[in-house]
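Asks: Submitted below is the structure of interest, expressed as structure tokens.
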Amino acid sequence: MFRLFTLSLLVLSIHGKVLYRNEVRLRTKSATFAANPLTESDVGRGGARIFTEELKSIHRKGTNLSFIPSKEFFVPLACILAGNSGFLNGLTLSGLLEGRTQSVTAVSEVYTTSALALGDSSVSLFVIQLRLIASYVGGSCLNGFLNPDGIDWSKNQLPLLFSGVLVLLGALYYTSTDWLLCLVAMANGLQNSWTSMLLKDIFLRTTHFTGSTSDIGTYFGQILRGKKENLWKLKILGALIASFWTGGFLAIIAAYSLEELSFLVSVLVYIGLYIFFTLCGVGS
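Heads up: the sequence shown begins at 5 in the working numbering, then just goes up one per residue.
What follows is the structure, given as structure tokens:
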């Protein structure tokens, strides 16, 4: 497993050499993109079809491509990542980890568990909950450090790489459950912070959906009163929640068949997306 980890980092470091070329040009294009928020008509075209067309629109010039994702590209991308987080959360809640169940994609439950643990004088449980909160915050902090001014297309895919490495490290520490949980929580904090920056007019939360579920109720109530301005947001949030749920459904199947190797599925999703952006010449 250690050799696999070393080889993965070596391959990814080679791809990573293209990340910082022509940074000024890409920042200019990114600023232009940010000035054009997603609209209802954009969503109505069909996210999956647009995602496919986006891939087909990339014209290869050797191995050095220039690719600035369009507005419509981000919704299916966020759905993939939401499904991946649902998968990870399903694994840690399935009892796969020596019978322990723990959410790693949101911290509301963690806050309450820490309070109960302290009140019950369960110091060890209290400490692990604090570590999980710190890990999630640490992942978000890392994204803020990488993207202090929002998404910078010269290096924006790095959170995908780091999230994949964090989950891979967690898989290597599978027998040390606390380490695995903290590393996976950090990966989710990093991912959620990154996807929240992708669109200007809506936060694409991809790891927890309490707020999104509340928003769905709000938008639906507005629609019942004839106000349809937020219908496009309702469609996006519904797609994200469905993706997260599907990931959890697939997790229990993977847990029974692949056991600890299930975490590598998530690693492949992160690394695959990172390599896709790199080969497309983001930042080149």
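Heads up, the beta-carbon is just placed ideally off N, CA and C, and yes, glycines get one too.
Determine the DSSP secondary structure at Leu101, reduced to helix, strand or coil.
Replies: strand
Asks: So if DSSP puts Pro163 in a beta bridge, which residue, or which two residues, is it bridged to?
Replies: Its beta-bridge partners do not exist; DSSP assigns none.
Asks: In terms of DSSP beta bridges, what is Gly154 paired with?
Replies: For Gly154, which the question treats as bridged, DSSP gives the partners Pro152.
Asks: With respect to the alpha helix (DSSP H) encompassing Met190, which residues constitute its N-terminal and C-terminal limits?
Replies: 181-199
Asks: With DSSP run on the structure shown, which of helix, strand or coil describes Arg31?
Replies: The predicted position of Arg31 is uncertain, since its pLDDT is 45 and thus under 50; a value taken from the coordinates is nonetheless stated next. The answer is helix: DSSP assigns Arg31 an H, G or I state.
Asks: Let's test the definition: count the other Cβ atoms within 10 Å of the Cβ of Arg209 and tell me whether it reaches 16, buried, or not, exposed.
Replies: By the 10 Å Cβ count, Arg209 comes out buried.
Asks: Quick check: what's the CA-CA separation for Gly123 versus Leu129?
Replies: 11 Å
Asks: First and last residue of the alpha helix (DSSP H) that includes Thr217?
Replies: 214-228
Asks: Within 10 angstroms of its Cβ, does Pro80 collect 16 or more other Cβ (buried), or is it exposed?
Replies: buried
Asks: Three Cβ pairs or more, each shorter than 8 Å: is that satisfied between the segment 173-182 and the segment 232-239?
Replies: no
Asks: Whose CA, out of Met190, Leu176, Ala175, Leu241, lies closest to the CA of Phe166?
Replies: When only C-alpha atoms are compared, the closest one is Met190.
Asks: Would you report the Cα separation of Gly221 and Leu194, rounded to the nearest angstrom?
Replies: Each residue's CA atom was taken as its position, placing Gly221 and Leu194 some 27 Å apart.
Asks: Within a Cβ cutoff of 6 Å, which residues of the same chain sit near Gly154, ignoring the five residues on either side of it in sequence?
Replies: So the list reads Met201, once near-sequence residues are dropped.
Asks: Please report the residue range of the alpha helix (DSSP H) in which Lys237 lies.
Replies: 235-262 is the span of the alpha helix (DSSP H), which, as asked, contains Lys237.
Asks: Taking the beta carbon of Ile257 as the centre, do at least 16 other beta carbons fall within 10 Å, making it buried, or is it exposed?
Replies: Ile257 should be labelled exposed.
Asks: Does the distance from the CB of Ala82 to the CB of Leu244 come in under 8 Å?
Replies: The Cβ atoms of Ala82 and Leu244 sit closer than 8 Å to each other.
Asks: For Val269, I'd like the list of residues in its chain whose CB is within less than 8 Å of its CB, leaving aside the five on either flank, ordered along the chain.
Replies: Phe91, Ala258, Leu262
Asks: Nearest-angstrom Cα distance between Leu176 and Glu102?
Replies: 15 Å
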